[in-house]
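Colleague: Residues in the sequence shown are numbered from 1 upward in steps of one, following full-length UniProt numbering.
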Amino acid sequence: MVLLTAAPQASAERAGDPAIGRLTSETERCQECHGSEGISVADKIPNHAGQPADYLVKQLRDFQSGARQHETMTVMAADLAPADIVDIAAYFSGRPAPAGTLNGERSAVKILVEQGDDSRKVPACFSCHGPAGKGRVADGIAYPLLGGQRLIYLRSQLRNWKSGDRRNSPNGVMNRIAGALSYDEIDGLAAYLAAM
1 MVLLTAAPQA SAERAGDPAI GRLTSETERC QECHGSEGIS VADKIPNHAG
51 QPADYLVKQL RDFQSGARQH ETMTVMAADL APADIVDIAA YFSGRPAPAG
101 TLNGERSAVK ILVEQGDDSR KVPACFSCHG PAGKGRVADG IAYPLLGGQR
151 LIYLRSQLRN WKSGDRRNSP NGVMNRIAGA LSYDEIDGLA AYLAAM
């Protein structure tokens, strides 16, 4: 599984200021849903703590441009200035990523996460999202944190990629990957990754 997005603009900008980002995330009300430390207050809302800053920048810009749709986030992101976006992203990316509670092994899901399935052209989640699914930026693409993310959020996003309701990954790669997965596999992957 690969939840990826490109972030070409982020490298040309000034570095975000986490201290300003903390204050801006308060005044712009980000913390009301995503938590003061980037750990969300509800299962349907993603954690931002530890996410690569470039990924957060890309998603906020996609909400602004309409490339990604969400009733609340489209409104919340609409008036953010470019500097606010990079500062907020710097703040949340610098917060400690959440720790999950993985109990036992789910062998088929673990194989998908760690090795993928070449017969269906499904790469290992970790091949793009990094060790333990903690997110990374490579070759100008920001791969989000998956390990420890909210279960319901992961499941809904994978289902949105599968159905085509979400289409903002480079070259539609996540739509192809999620499209190759069964709903049971999506549920298993979401549970496994959330528990990491």
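Don't be surprised by glycine CBs; every beta carbon is placed ideally from N, CA and C.
#1: If I measure Cβ to Cβ from S40 and keep anything under 7 Å in the same chain, skipping five residues before and after, which residues do I get?
#2: Which value, in whole angstroms, describes the spacing of the CA atoms of residue 226 and Q31?
#3: Could you tell me the boundaries of the beta strand (DSSP E) in which V122 lies?
#4: Please work out which residues of its chain come closer than 7 Å, Cβ to Cβ, to R167, disregarding the five sequence neighbours upstream and downstream, and give them in chain order.
#5: Could you give the first and the last residue of the continuous beta strand (DSSP E) run that contains I186?
#6: Give me the Cβ distance between A78 and G16, rounded to the nearest whole Å; I'm assuming they're in contact under 8 Å.
#7: For A81 and K58, I'd like the C-alpha separation in whole angstroms.
#8: Helix, strand or coil for D117, going by three-state DSSP, please let me know.
#9: So, under 8 Å CB-CB, residue 219 and V109 are touching, yes? Tell me the CB distance rounded to an integer number of Å.
#10: From which residue to which residue does the alpha helix (DSSP H) around V75 run?
Modeller: In short:
#1: Excluding positions up to five away in sequence, the list reads C33, H34, P46, N47, R150.
#2: Absent from the model: residue 226. The displayed extent of the chain is 1 to 196, so no value can be given.
#3: Taken as a continuous stretch (DSSP letters only), V122 belongs to no beta strand (DSSP E), as it is neither H nor E.
#4: N175
#5: Residue range 183-194 is occupied by the alpha helix (DSSP H) that includes I186, with no beta strand (DSSP E) assigned at that position.
#6: Contact flag wrong, Cβ pair sits at about 19 Å.
#7: 13 Å
#8: Here D117 sits in strand by DSSP.
#9: Here the chain comprises residues numbered 1 to 196, so residue 219 is not present and cannot be evaluated.
#10: Counting along the chain, the alpha helix (DSSP H) containing V75 begins and ends at 71-78.
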